[in-house]
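Encoded as structure tokens, the structure appears first; notes follow it.
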Amino acid sequence: MHGRRSVSISTMRLVFRKNDLPLSRFAVVVSTKIDKRATVRNRIKRLIRESVRLLMPEITRGVDCVLCAQGRWGQVSQRTVEGNVRELLVKAGALKKY
127 MHGRRSVSIS TMRLVFRKND LPLSRFAVVV STKIDKRATV RNRIKRLIRE SVRLLMPEIT
187 RGVDCVLCAQ GRWGQVSQRT VEGNVRELLV KAGALKKY
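FYI, the numbering for the sequence shown is 127 to 224, going by the working numbering.
And the structure:
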């Protein structure tokens, strides 16, 4: 991924770069460092993917993004994860409204 940039907060890192496509693409990575149990990692991935889905109308087109979970997660709510994803996208300048 040449020309990539990244921004991070305590629970997530966003690596992104522009693409020449009329759409934005996202990938979610949750390593075994977060939790050894696949069910926990899958729950975190579902929360992040749902947050991206809800924010998709506000996200600028033509961006490739990889969201990497990091740090301690514990029991987080969908609202908290959505706020974290929004914060990362604002830092990256990838939201239309900001």
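Ideal Cβ placement from N, Cα and C applies to all residues, glycine included.
Minimum C-alpha distance to residue i - residue among the options
{"i": "D190", "options": "S136, L215, N168 and R163", "result": "L215"}
{"i": "M182", "options": "V211, S132 and D146", "result": "V211"}
{"i": "T186", "options": "R151, I135 and R130", "result": "R151"}
{"i": "G188", "options": "V154, S134, L221 and S136", "result": "L221"}
According to DSSP, residues forming a beta bridge with residue i
{"i": "R139", "result": "S134 and C194"}
{"i": "K144", "result": "V189"}
{"i": "L215", "result": "In DSSP, L215 forms no bridge with anything."}
Bounding residues of the beta strand (DSSP E) (the contiguous stretch that carries residue i)
{"i": "A153", "result": "R151 to V155"}
Run of the alpha helix (DSSP H) containing residue i, from where it starts to where it stops
{"i": "L221", "result": "From DSSP, L221 is part of no alpha helix (DSSP H); its letter is neither H nor E."}
{"i": "R163", "result": "From DSSP, R163 is part of no alpha helix (DSSP H); its letter is neither H nor E."}
Buried versus exposed, by CB contacts within 10 Å (16 or more), residue i
{"i": "S203", "result": "exposed"}
{"i": "R167", "result": "buried"}
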